[in-house]
Each structure stands twice: as structure tokens, then as C-alpha cells.
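Residue numbers (my numbering): 42 to 489.
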Ligand code: DOR
């Protein structure tokens with residue numbers, strides 16, 4: 042072989058779609074150019090991956106990076122720094138910023154802000170509103186757009202599409218998969234009296250109860266079938282919804298989060314107080330176990346962190362005046378590798394949920410798989426490393442994690458974005474080279 046490579050990854054165990062292979066990877070101009078034996082002398086840069094596993098770059102398809110409008114919690118530089126530090130190579134960012142991302146101008150603003158400041162590749166969701174539903178076909182295919190997001194129930198920010206006719210209108214315009222926050226607004230409003238005067242955060246899953254989630258998830262499945270539109274239901278928290286989604290593979294895909302697989306009520310609320318408060322809530326142990334069943338039986342399609350930073354000061358108010366959400370983009374990989382080491386899922390299933398799954402659901406172009414011609418995005422992990430997750434390691438401006446003090450086995454040791462090593466041994470390297478991700482559905486629709 043006469044070729045020269047910009048980067049050669051030597052001697053790692055490579056997680057290919059067909060299985061684990063001990064081989065080398067050669068990168069030219071940000072793409073995977075060769076998979077097979079490569080002499081070290083053929084690389085301008087050589088990464089010795091002996092003893093390490095090379096995963097397709099982890100894609101976190103649900104993060105909230107708060108810019109513009111709430112930069113005191115996070116911004117695109119700090120959020121993506123956390124992603125790179127945690128082994129995540131691509132993020133999709135949610136539209137509940139200030140202002141909300143509901144127009145071509147707001148999307149262009151986010152893309153401009155990310156240029157030169159984002160450490161990883163990125164795309165931004167367009168927030169659906171009753172007003173912009175009719176424009177969705179053109180908005181959802183704009184370059185850099187990850188797709189459409191509907192908040193059926195209100196959470197952080199002002200985005201809400203509550204009325205069935207409005208949800209139907211959004212689903213009827215455009216064709217890309219629509220991501221859904223499924224909580225029933227009317228039921229939440231009616232039950233708010235349970236916590237209104239102040240309560241222990243343990244009441245969070247009592248207020249926003251199982252029925253609140255089930256009502257919204259069953260409604261969106263019905264509307265997806267009626268309108269012939271694919272939906273991706275985010276952060277599923279109940280065994281009941283997992284059952285509904287297992288019976289809806291014709292129209293719906295399912296996301297789980299590491300925190301709903303790791304934490305449960307009441308223990309998490311007793312130990313973490315409002316730091317465990319998020320929407321939809323952390324629930325009882327039997328729901329957590331049902332989510333694991335959805336992982337092992339293949340019902341869950343995608344793992345997303347729902348990284349939703351709020352400051353400790355904001356979290357120290359009296360519940361329910363406290364905002365919902367916790368950080369997660371940086372801890373997704375180590376927390377899940379620890380679950381791999383504990384035997385709760387295989388490394389192959391982790392790759393499926395964090396790379397192949399997002400690629401398939403969102404029809405990402407060139408990302409989510411290690412194969413020749415695809416982007417050279419890699420999450421390189423040491424499965425044997427024993428480490429402790431601490432607040433001090435967290436890059437988020439919020440500067441805390443619900444896993445502070447947790448010992449884990451398995452750690453991301455390098456993050457490679459299109460052939461650029463942006464993190465190695467916990468240190469950010471190079472610069473903020475992140476670029477917008479591309480999507481096959483949008484390319485087909487627009488010819489670009
Ligand atoms: O807990 C949450 N926090 N759930 C959401 O849906 C929104 C998020 C946020 O942006 O804070």
C-alpha cells in the first residue's frame with residue numbers, strides 16, 4: 042500500500058457493524074480511507090490504540106446548550122467542550138432557548154454562533170409552534186437542522202403544542218422524523234395542585250405521573266398513524282410506554298436516557314433532592330427495570346442524554362420553583378460503559394444505541410458507523426479504566442453532575458471528530474473545529 046494517511050489508529054479493537062475486529066484505520070481528509078493492516082510509517086499522525094476499543098463516534102441527539110438567552114447555565118462552547126471531554130462527537134441541540142429556535146433566522150443565528158466555538162459536530166432542532174406548522178416542510182430541511190421538536194407538555198422554556206389540531210398540523214407538514222416530548226399538558230395542569238404550595242422533590246413523579254406520560258405517548262402514536270408521519274419519542278420513562286412503543290414500530294422510535302436507566306425513585310430524590318428533578322421524571326425501580334428490558338429486547342432505538350443544565354443556585358430554590366433538568370452529555374459514555382462492564386448491555390448494543398440508532402432514526406449522512414467513506418468520528422475507550430466521576434471534571438458551566446462521586450469502570454480516552462483528535466486523556470486538544478452535520482432526508486428533499 043503506497044497511500045499516506047493524515048491519521049492512523051493502530052492496533053485497536055474496532056467496533057464495526059458486523060462485529061469486533063482487531064485492525065487499523067487510516068484517515069484521509071476527515072474520512073475513513075482504509076480499514077486493514079497499515080504500517081505506522083504511513084501515517085502523518087499515529088494513535089496507538091493497543092488495548093483500547095474504537096467505537097463509531099457517539100452521537101447525543103438530545104442536548105440543551107442554552108445559547109442564546111441562558112448563557113449563565115451553558116453556551117455552545119462549554120456544552121460542546123463537555124461533549125468532547127465525554128467522548129461525544131456529534132450533538133443535536135434542542136430549540137427551547139431564548140428566543141426559541143422556531144424560524145430560519147433563529148437557526149442561522151445558532152449555526153453562526155457555533156462556527157469556530159463548537160468542539161464537536163452539531164445540528165439544531167426546529168421548535169414547532171401552532172404558528173409555524175405550515176412552514177415546517179421548508180424549515181425542517183434547512184442545512185444544519187436536525188429535524189422538528191414538539192413539546193406536547195411544557196417543560197423549560199415557552200415551547201408548547203398542546204391542542205390536538207395543532208399537533209396534527211405540525212405532523213401534516215414535512216416528512217422528516219418529528220421528535221416528541223410526551224407529557225400531557227392538561228393532566229399536568231390539573232395535578233399541579235399536588236405540589237403547588239411547596240413539596241419534597243420526591244413528589245415530582247407523583248405530579249407528572251405515569252398516566253401523564255402514557256396519555257401523551259399513546260396520543261402521538263395515534264396521530265402519527267393518522268397523518269402517516271414518523272415520530273421519535275424522547276426520554277421514555279415508563280414500562281407502559283415501552284409496551285406501547287414495542288407495538289408501534291411502524292411509526293415510532295424510542296429514546297432512553299442514561300439517567301432513567303441508572304437512577305430511581307425514591308432513592309434518587311432522597312439523595313440528590315432537586316438535582317434529580319427532570320422532565321419526564323425519574324421513576325420507581327420497576328420502571329427503570331422495564332427500560333432495561335426495552336434495551337435488551339431492542340425496543341429502545343436511541344440513547345440520548347437530555348443534557349439540561351441549570352445552576353446550583355437555581356436548583357437550590359424550594360421545589361417546585363426549581364427548574365427541571367440535569368447535565369449529562371459528558372457522563373453518557375462513562376456511565377453506560379460502567380453498565381457494559383456490569384453486564385447490563387453489550388458494547389455492541391451500546392454502539393447500536395449511541396451511533397447506529399441515531400444514524401438510522403435521523404438519516405444522518407456519513408456518521409454513526411465505522412466503514413470506508415464515512416466520517417472519521419471515533420470514541421476511543423478504555424473498558425478497563427477505573428475512574429471516579431466528579432463535579433471538578435465537568436466542563437458544563439453549571440459545573441455539577443448527578444453522578445458526582447460515582448466510581449465507574451470504562452472511560453473515554455480520546456474523541457476524534459472527522460480525523461481531528463479533540464480530546465485525549467481528559468485534555469481538550471486542537472480547537473473548536475465542529476461543523477454542521479448533514480442529513481440524507483434533507484439532502485434528498487432540497488438537492489443540496
Ligand atoms: O428536565 C428537562 N429539562 N426536560 C425537558 O424537557 C427540558 C429540559 C430543559 O431544557 O431544562
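Yeah, the Cβ is synthetic: ideal placement off N, Cα and C, and Gly gets one too. Treat the numbers as computed from the prediction; the structure is a model and nothing was measured.
Judged by beta-carbon spacing, residue 66 lies within the 8 Å limit of residue 73, meaning their Cβ atoms are closer than that value. Under the three-state reduction of DSSP output, residue 102 falls in the strand class. Distances taken from the Cβ of residue 196 to the heavy atoms of the ligand DOR include one shorter than 7 Å. In the DSSP assignment, residue 67 forms a beta bridge with 49, 75. Two segments are said to touch when three or more pairs of C-beta atoms, one from each, lie closer than 8 Å; by this definition the stretch 102–120 does not touch the stretch 383–392. In the DSSP assignment, the residues bridged to residue 61 are 56. Contact between residue 118 and residue 473 holds: their C-beta atoms lie close to 7 Å from each other, under 8 Å.
At a cut-off of 3 residues, the continuous stretches assigned as beta strand (DSSP E) that sit fully inside the stretch 292–363 are 293–297.
Beta-bridge partners assigned by DSSP to residue 405: 480. With fewer than 16 other Cβ atoms from the protein chains shown falling within 10 Å of its own Cβ, residue 227 counts as exposed. Here the C-alpha atom of residue 133 lies approximately 13 Å from the C-alpha atom of residue 142. Contact annotation: residue 68 and residue 48 have beta-carbon atoms nearer than 8 Å. If you draw a straight line from the Cα of residue 373 to the Cα of residue 299, it comes to about 6 Å.
Under the three-state reduction of DSSP, residue 428 is assigned to strand.
Taking a cut-off of 8 Å for Cβ pairs, the stretch 422–442 and the stretch 357–371 touch, as three or more such pairs fall below it.
In the three-state reduction of the DSSP assignment, residue 187 falls in the strand class, which pools E and B. Here the stretch 163–182 lies against the stretch 470–484, with 3 or more beta-carbon pairs under 8 Å apart.
Taken in chain order, the unbroken stretches of beta strand (DSSP E) that lie wholly in the stretch 218–265 and span 3 residues or more are 219–222. Contact fails between the stretch 180–196 and the stretch 237–244, because fewer than three Cβ pairs, one in each stretch, are under 8 Å apart. Residue 377 is positioned such that its CB atom lies no closer than 8 Å to that of residue 125. Distances from the CB of residue 365 to the heavy atoms of the ligand DOR include at least one below 7 Å. For residue 465, the pairing in a beta bridge is given by DSSP as 455, 468. With a cut-off of 7 Å, the C-beta of residue 214 is classified as distant from the ligand DOR, since no heavy atom of the ligand falls inside that distance. Between residue 342 and residue 450, the C-beta gap is not smaller than 8 Å, which leaves the two residues out of contact. Boundaries of the alpha helix (DSSP H) around residue 205: 205–212. 131 is the residue among 52, 58, 81, 131 whose C-alpha sits nearest the C-alpha of residue 345. Closest option to residue 205, judged by alpha-carbon separation, among 487, 265, 177: 265. Taking the Cα of residue 332 as reference, the smallest distance to any Cα among 268, 169, 297 is reached at 297.
The C-beta distance from residue 421 to residue 53 rounds to 7 Å, short enough to meet the 8 Å contact threshold.
In the DSSP assignment, residue 97 falls within the unbroken beta strand (DSSP E) covering 94–97.
Scanning 428, 484, 320 for the CA closest to the CA of residue 193 turns up 320. Distance from the CA of residue 399 to the CA of residue 416, rounded to the nearest whole angstrom, comes to 15 Å. The three-state secondary structure of residue 440, taken from DSSP, is coil. A straight line joining the alpha-carbon of residue 44 with that of residue 423 spans about 29 Å.
Judged by DSSP in its simplified three-state form, residue 116 adopts coil rather than helix or strand. For residue 393, there is no enclosing beta strand (DSSP E), as DSSP marks it with neither H nor E.
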